[in-house]
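Residue numbering for the sequence shown follows our numbering, starting at 89 and increasing by one per position.
Glycine residues also receive a C-beta, built at the ideal position from the N, C-alpha and C atoms.
Below is one structure, written out as structure tokens; comments come after it.
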Amino acid sequence: MSHASNVPVLAIDGPSGSGKGTISALVAERLGWRLLDSGALYRAVGYAAGMAGLDLSDMDAMARCAQTTKIQFRAAADGGPTRVIVNGHDATDELRTETAGAAASAIASMPPVREALVALQLGFRKMPGLVADGRDMGTVIFPDAPYKVFLTASAAERAKRRYKQLKEKGLNVTLGGLQREIEARDSRDASRAVAPLKPAADAVQVDTTGMSIDDVVAKVLAVVQP
Ligand code: C5P
Numbered sequence: 089m090s091h092a093s094n095v096p097v098l099a100i101d102g103p104s105g106s107g108k109g110t111i112s113a114l115v116a117e118r119l120g121w122r123l124l125d126s127g128a129l130y131r132a133v134g135y136a137a138g139m140a141g142l143d144l145s146d147m148d149a150m151a152r153c154a155q156t157t158k159i160q161f162r163a164a165a166d167g168g169p170t171r172v173i174v175n176g177h178d179a180t181d182e183l184r185t186e187t188a189g190a191a192a193s194a195i196a197s198m199p200p201v202r203e204a205l206v207a208l209q210l211g212f213r214k215m216p217g218l219v220a221d222g223r224d225m226g227t228v229i230f231p232d233a234p235y236k237v238f239l240t241a242s243a244a245e246r247a248k249r250r251y252k253q254l255k256e257k258g259l260n261v262t263l264g265g266l267q268r269e270i271e272a273r274d275s276r277d278a279s280r281a282v283a284p285l286k287p288a289a290d291a292v293q294v295d296t297t298g299m300s301i302d303d304v305v306a307k308v309l310a311v312v313q314p
């Protein structure tokens, strides 16, 4: 068994809608590495708390919920997006909604909630390598990652991408409403006291505004394979 610190990690951090999810999945596939979607963990805890009728502002209850929620990732039978199973229920679709994102962002500002999810995240670091997608992958969870990327895009462009995604799923959203939600979530994520959203000092910053997915993938892969 090799020591975890020998396992290469590519940390991909950035705000919501910067393309992290899509890019991380494609890059992990190209490298043949594992993938950690850390946002899904915060979404899953928020979702489990909602299902249990808990008060999302009750830090002790949220910490307990983060410690006890069973979260599993399962490859989809049809080759589609990885399924996220929360306490035995396939919650993949519910977790992608803006409501789940807002709940995740609210509980993610609570230190004991973040603490409860650390070991789970570290456990993803296995050979041949890990692509870790989140907000604090390069700064807090894998500060020793040899490869770090910080993806950004303008709030208007990110709202447009999210609008397209949600419309395709038949959800009833407006572009202006989404942009306001994205900006509110960004400012909460960036201004919180613990693990705020910020680029690691040694991260390569990539502004994806106006870039194609293929171009961003190529740019990120070049960080690992120059
Ligand atoms: O990336 P995603 O939009 O799924 O993340 C949902 C929320 O979870 C973010 O807005 C952020 O508040 C929180 N999060 C976090 N740290 C991470 C990943 C997500 O605080 N590593």
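Going straight from the alpha carbon of Ala192 to that of Arg131, what length do you get?
-> The straight-line gap from Cα to Cα measures roughly 5 Å.
task: Could you work out which residue in Ile100, Val95, His91, Ser104 is closest to Gln267 when comparing CA atoms only?
output: Among Ile100, Val95, His91, Ser104, the Cα nearest to that of Gln267 belongs to Ser104.
Straight-line CA distance for Ser313 to Pro200? Looking at the sequence provided, one finds Gln at residue 313 rather than Ser. Near 37 Å, if we compare the C-alpha coordinates of Pro200 and Gln313.
Note to self: Measuring alpha carbon to alpha carbon, tell me which residue in Arg246, Lys236, Leu259 is nearest Ala289.
What the structure shows: The option with the nearest alpha carbon to Ala289 is Lys236.
- Message: In this structure, how does DSSP classify Val304 when only helix, strand and coil are distinguished?
- Response: Assigned with DSSP and collapsed to three states, Val304 falls in helix.
Note to self: Closest to Glu271 by C-alpha separation, out of Gly211, Ala310, Glu186, Thr296, would be which residue?
What the structure shows: When the alpha-carbon of Glu271 is set against those of Gly211, Ala310, Glu186, Thr296, the nearest one is in Glu186.
For this session: With a floor of 4 residues, list each alpha helix (DSSP H) that falls wholly inside the stretch 164-218, ordered by position along the chain.
Result: Here the runs fully enclosed are 180-183, 186-196, 199-204, 206-210.
Close-in-space but distant-in-sequence residues of the same chain around Tyr135 (CB under 8 Å, 5 per side omitted)
Cβ neighbours of Tyr135 within its own chain (closer than 8 Å, five residues either side excluded): Val174, Ala179, Glu182, Leu183, Ala188, Ala191.
- Query: Where do the N-terminal and C-terminal ends of the beta strand (DSSP E) with Glu270 fall, by residue?
  - Reply: In the sequence under discussion, the amino acid at residue 270 is Ile, which differs from the Glu named in the question. No beta strand (DSSP E) holds Ile270; the alpha helix (DSSP H) holding it covers 263-279.
At a cut-off of 7 Å, would you count Met225 as near ligand 1, judging by its Cβ distance to the nearest heavy atom? Checking the Cβ of Met225 against ligand 1 gives yes.
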